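Asker: Chains A and B supply the protein sequences, listed in that same order. Its first residue numbered 23, the first sequence is counted upward by one per residue in this note's numbering. Its first residue numbered 78, the second sequence is counted upward by one per residue in this note's numbering.
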Amino acid sequence: MSAAREMLCDTARAVFAEAATVGMAPIDNAGFGLLLVPEEQGGFGGDWGDVNAVLQISGVLVPGLPVAALIANASLQPAAAVSLMAGAMGHSLALSIEHVNTRQQFGRPLGKFQAVQQSLAVMACEVRAVEAAAAVLAARLDAVGLDPLAADFEIAAAKLRANRAVGVVTSVAHQVHGAIGFTREYDLSRVTIPLMRWRGEHGNDAYWAQILGRQVAGFGGRGLWEALTAR
Amino acid sequence: MQGFALYPFDPPGDIAALRAELRAWLAVNQPQGDIVARANCWASFDADFSRALGAAGYVGMTLPTRYGGGDRHPLERYVVIEELLAAGAPVGAHWIADRQTGPLILRYGSEEQRQRYLPGIAKGELFACIGLSEPGAGSDLAAVRTTARETAEGWRINGQKIWTTGAHFSHIMLALVRTEDGSERNAGLSQLLIDLDTPGITIRPIIDMAGHHDFNEVFFDDVLVPHGALVGTRGQGWQQVTAELGLERSGPERYLSSHALLAALIDAAGADPDPAVAALIGELTAELWTLRQLSMSTAAKLAAGEDPMVEASVVKELGNAFEQDMPRRVQAIVTSGWDDADDLARLLRALLIASPSFSLRGGTREVIRGIIARGLGLR
């Protein structure tokens, strides 16, 4: 990650942490609405790689605040949702690892049990897949000047892949946490409930599967491979 | 385990031209036989095709030119093998030699071994098999019991390997054997490069559930190989094999085995597909796109000299699940009789039968998940 993006992320973590208690004002004041505005127009001059990084943080710290809508226009909201989801999934995984390495039952940490290890490995694969989808989508959007039509294939594939990961990620996270994860007090639901919500927003599985499936049917069997390798 | 960081897949040279040249070459040279051979095509053995592919410069691409290779970048080779797999080309005969035996000989082998074996590998004429599994050492590879005792004449090998893919047509085996008396587990192991026409070696077929002869039992009865058969450092076999497995787990063969079925499904669906079929095509495409990106990023990380053991395992786990589930998901929605003769039905049947092996070969699903769990900081 570039030094500029590291700084941006540090700022985002500090500002979003404050916003978690007081609402949007600190985010507005810090100028996150100008993230994609070119520098010559008084903005930050960021790219979608920056947006992806910032939204992954907001998906963890302020999932209920309209940060994505502040930064990007309506046509880019499905792409923004992928970043929010990648962030929330990464945090779900981190909470789960911490919990199973700490919580002891039968005289040892839960993470020593193969059944728990195998479940978390499955979850981690899904999380890595969504993080990769968000990163590749960002690279595509930046390569086509944030034109959602030129990135239609990647937006559909990434949002669909993220949606399909939600079931495994939320269920494994809650399963390994046991009852504590089901309490209002504990942090896990602050990322899993938004994940359940985002799966249905900006296109659920059926919506994107139809769009992508019909697009690919138009490519034909060999054409799919040619399209994948040409982009 | 850190969050995923995308490694840019940025091979040198004109990659679009490389793809176009290879596609044009395949249009002329790919055997137009049974379409079923295009499924799981890295288990389709065709020595003539391998030789032609070698002559065209698409085998041993990353080996130095002084050993007959192409001196190409690993990511150029990646592009070539993903094209070959997506086209369903019968790459099985030279697959192991090209993917891992050649690179391993280059890395750990003696100058004599390099000169003796690498040119044949790069020509697509010298085929190799992997001698790891034994009757008592499957997932538990450290339980290897085949021994090689050093004598004045060379190494005396006794024991048995099993599930050895391609031993019946291979010229050499790179075997993991116990060279140190009384050693246990992963200590005291070494790698030997064994010419399979050496006296005392018996190869017996094991027919798989699809009726194919892919794997074998290989018996060693007081087999004598020269001192120069040792590859790398005596006693370091475990470390060398572990490095070899990294080359084996993250490639495009881990998610493209069923690609011919996806292409056939799309072609059968037509331009205006039934909604249920369109939805499945969409879901499979989203998974394929993501997997390809994960695999390319991991390949780029490998090419940069890093050791992405965990990422490679993620690619294998997700890729195997994808290529294994695909036939089941297709069968669930298409109307297709088991004995139907159309392409889609025949590919479907062949892959339903072949797919249980996808999460076994190259490390079982359970072993791979264990590696990922260790990477997460569990255990």
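Even for Gly, the Cβ is constructed at its ideal location relative to N, Cα and C. No experiment lies behind these values; they were computed from the predicted model shown.
Count the other CB atoms, across all protein chains shown, that sit within 10 Å of the CB of Thr-254/A; report buried if there are 16 or more and exposed otherwise.
Answerer: As shown, chain A starts at 23 and ends at 253. That puts residue 254/A outside it, with no answer to give.
Asker: Quick check on Arg-35/A - is its C-beta less than 8 Å from some C-beta in chain B?
Answerer: For the purposes of this step, residue 35/A is identified with residue 13 of the first sequence, where counting begins at 1. No, no contact with chain B.
Asker: Would you say Thr-367/B reaches chain A, if we count a Cβ-Cβ gap shorter than 8 Å as a contact?
Answerer: Working through the second sequence from its first residue, we reach residue 367/B at position 290. Chain A, which has a Cβ nearer than 8 Å to the Cβ of Thr-367/B, makes this yes.
Asker: Anything in the region 146-157 of chain A with a Cβ closer than 7 Å to a Cβ of chain B? List those residues in chain order, please.
Answerer: Hits within the stretch, in order: Ala-146, Cys-147, Arg-150, Ala-151, Glu-153, Ala-154, Ala-155 and Ala-157.
Asker: According to the neighbour-count rule (16 or more other Cβ atoms, all chains shown, within 10 Å of its Cβ), is Thr-178/B buried or exposed?
Answerer: Looking up residue 178/B in the second sequence gives position 101. The residue in question, Thr-178/B, is buried, as its Cβ has 16 or more Cβ neighbours within 10 Å.
Asker: Quick one: grab the DSSP three-state call for Val-302/B.
Answerer: Translated into the one-based positions of the second sequence, residue 302/B becomes position 225. Val-302/B: strand per DSSP, three-state reduction.
Asker: Under a Cβ-count criterion, where at least 16 other Cβ atoms within 10 Å of its own Cβ denotes burial, should Ala-91/A be classed as buried or exposed?
Answerer: Here residue 91/A is taken as the residue at index 69 of the first sequence, counted from 1. When all chains shown are included, Ala-91/A counts as exposed.
Asker: In whole angstroms, give me the CA-to-CA distance for Val-168/B and Leu-103/B.
Answerer: Taking the second sequence and counting its residues from 1, the one referred to as residue 168/B is at position 91. Taking the second sequence and counting its residues from 1, the one referred to as residue 103/B is at position 26. Cα to Cα, Val-168/B sits roughly 12 Å from Leu-103/B.
Asker: Return the chain-ordered ranges of every alpha helix (DSSP H) run that is complete within the region 123-185 of chain A and spans a minimum of 4 residues.
Answerer: Complete alpha helix (DSSP H) runs here, min 4: 136-165.
Asker: Ordered along the chain, which non-local residues of its own chain (more than five positions away) have a Cβ less than 7 Å from that of Leu-361/B?
Answerer: Numbered from its first residue, the second sequence carries residue 361/B at position 284. Leu-339 and Met-403.
Asker: In the DSSP assignment, the beta strand (DSSP E) including Val-168/B goes from what residue to what residue?
Answerer: Taking the first residue of the second sequence as position 1, residue 168/B is located at position 91. It is not in any beta strand (DSSP E) - Val-168/B carries neither H nor E in the DSSP assignment.
Asker: Specify whether the region 295-312 of chain B and the region 116-135 of chain B touch according to this definition: at least 3 beta carbon pairs, one from each stretch, less than 8 Å apart.
Answerer: The region 295-312 of chain B vs the region 116-135 of chain B: no contact.
Asker: Report yes if the C-beta distance between Thr-367/B and Ala-155/A is below 8 Å; otherwise report no.
Answerer: As a position in the second sequence, residue 367/B is number 290, starting the count at 1. As a position in the first sequence, residue 155/A is number 133, starting the count at 1. For Thr-367/B and Ala-155/A, yes; Cβs fall inside 8 Å.
Asker: So what does DSSP say about Glu-462/B, is it helix, strand or coil?
Answerer: Residue 462/B is absent from the model: chain B starts at 78 and stops at 456.
Asker: Nearest by alpha-carbon distance to Asp-344/B: which of Leu-424/B, Tyr-332/B, Ala-380/B and Arg-438/B is it?
Answerer: Residue numbering aside, residue 344/B sits at position 267 when the second sequence is read from its first letter. Taking only the C-alpha atoms, the option nearest Asp-344/B is Leu-424/B.
Asker: Would you identify the three-state DSSP class for Gly-452/B, choosing helix, strand or coil?
Answerer: Within the second sequence, residue 452/B is the residue found at index 375, counting from 1. In this structure, Gly-452/B counts as helix in the three-state DSSP scheme.
Asker: Can you give me the C-alpha to C-alpha distance between Val-152/A and Gly-186/B, rounded to a whole angstrom?
Answerer: The sequence position of residue 152/A within the first sequence is 130, counting from 1. The sequence position of residue 186/B within the second sequence is 109, counting from 1. Computed Cα separation, rounded: 40 Å.
Asker: Using only the alpha-carbon positions, how far apart do Ser-105/A and Ala-146/A sit?
Answerer: As a working mapping, residue 105/A is identified with position 83 in the first sequence. As a working mapping, residue 146/A is identified with position 124 in the first sequence. One C-alpha to the other measures close to 16 Å.
Asker: Whole-angstrom Cβ separation of Leu-77/A and Phe-38/A, contact assumed at under 8 Å?
Answerer: Looking up residue 77/A in the first sequence gives position 55. Looking up residue 38/A in the first sequence gives position 16. Contact flag wrong, Cβ pair sits at about 10 Å.
Asker: From Met-78/B to Asp-72/A, what does the alpha carbon distance come to, in whole angstroms?
Answerer: Walking along the second sequence from the start, residue 78/B turns up at place 1. Walking along the first sequence from the start, residue 72/A turns up at place 50. Because the pLDDT at Met-78/B is just 43, under 50, the model does not fix this residue reliably, and the point stays unresolved.
Asker: Are Leu-117/A and Asp-209/A close, meaning C-beta to C-beta below 8 Å?
Answerer: For this step, residue 117/A is matched to residue 95 along the first sequence. For this step, residue 209/A is matched to residue 187 along the first sequence. Contact flag set, yes.
Asker: Looking only at its chain, what residues have a beta carbon closer than 7 Å to the beta carbon of Val-191/A, apart from the 5 residues adjacent to it on each side?
Answerer: To locate residue 191/A, count along the first sequence from 1; it is residue 169. Within the same chain, Val-191/A has close Cβ partners Met-111, Ser-114, Met-145, Glu-148, Val-149 and Leu-217.
Asker: I'd like to know if Phe-66/B contacts chain A, where contact means its C-beta is closer than 8 Å to some C-beta of that chain.
Answerer: Nothing about residue 66/B can be reported from this structure: the residues present for chain B run from 78 to 456 only.
Asker: Are the region 375-384 of chain B and the region 90-107 of chain B touching, with three or more C-beta to C-beta distances below 8 Å?
Answerer: The region 375-384 of chain B, when compared against the region 90-107 of chain B, does not touch it at the 8 Å Cβ threshold.
Asker: So, using beta-carbon positions, are Val-156/B and Arg-115/B closer together than 8 Å?
Answerer: Reading the second sequence from its first residue, position 79 is the one you call residue 156/B. Reading the second sequence from its first residue, position 38 is the one you call residue 115/B. No, the Cβ-Cβ distance between Val-156/B and Arg-115/B is not below 8 Å.
Asker: Mind checking who Thr-178/B pairs with in its DSSP beta bridge?
Answerer: Residue mapping note: residue 178/B aligns to position 101 of the second sequence, counting from 1. None; Thr-178/B has no bridge partner.
Asker: Measuring only between beta-carbons, confirm whether Ala-103/A sits less than 8 Å from chain B.
Answerer: Walking along the first sequence from the start, residue 103/A turns up at place 81. Cβ-Cβ to chain B under 8 Å: no for Ala-103/A.
Asker: Quick one: which chain A residues come within Cβ less than 7 Å of Asp-344/B?
Answerer: Taking the first residue of the second sequence as 1, we reach residue 344/B at position 267. By Cβ distance, chain A contributes Gly-242 and Gly-243.
Asker: Taking a contact to mean a Cβ-Cβ separation below 8 Å, would you say Leu-270/B touches His-248/B in this structure?
Answerer: Working through the second sequence from its first residue, we reach residue 270/B at position 193. Working through the second sequence from its first residue, we reach residue 248/B at position 171. For Leu-270/B and His-248/B, no; Cβs fall outside 8 Å.
Asker: How many angstroms separate the CA atom of Phe-292/B from the CA atom of Ile-233/A?
Answerer: Walking along the second sequence from the start, residue 292/B turns up at place 215. Walking along the first sequence from the start, residue 233/A turns up at place 211. Distance between the alpha carbons of Phe-292/B and Ile-233/A is about 43 Å.
Asker: Can you tell which of Phe-66/A, Leu-163/A, Ser-193/A and Glu-62/A has the C-alpha that lies nearest to the C-alpha of Gln-99/A?
Answerer: Mapped onto the first sequence, residue 99/A falls at position 77. Of Phe-66/A, Leu-163/A, Ser-193/A and Glu-62/A, the residue nearest in Cα terms is Leu-163/A.
Asker: Candidates Arg-311/B, His-289/B and Pro-89/B: which alpha carbon is nearest Asp-148/B's?
Answerer: Taking the second sequence and counting its residues from 1, the one referred to as residue 148/B is at position 71. It is Pro-89/B.
Asker: Chain B partners of Val-122/A, CB-CB under 8 Å?
Answerer: Walking along the first sequence from the start, residue 122/A turns up at place 100. By Cβ distance, chain B contributes Leu-455.
Asker: With three or more beta-carbon pairs closer than 8 Å as the criterion, would you say the region 307-318 of chain B touches the region 235-246 of chain B?
Answerer: Verdict: no, contact absent.
Asker: Are the CB atoms of Phe-66/A and Gly-53/A within a distance shorter than 8 Å?
Answerer: Along the first sequence, one-based indexing puts residue 53/A at 31. Along the first sequence, one-based indexing puts residue 66/A at 44. Result yes, Cβ atoms of Gly-53/A and Phe-66/A sit closer than 8 Å.
Asker: Excluding sequence positions up to five away, which residues of its chain have a Cβ less than 6 Å from the Cβ of Ala-108/A?
Answerer: Counted from its first residue, the first sequence places residue 108/A at position 86. Gln-78, Val-152, Glu-153 and Ala-156.
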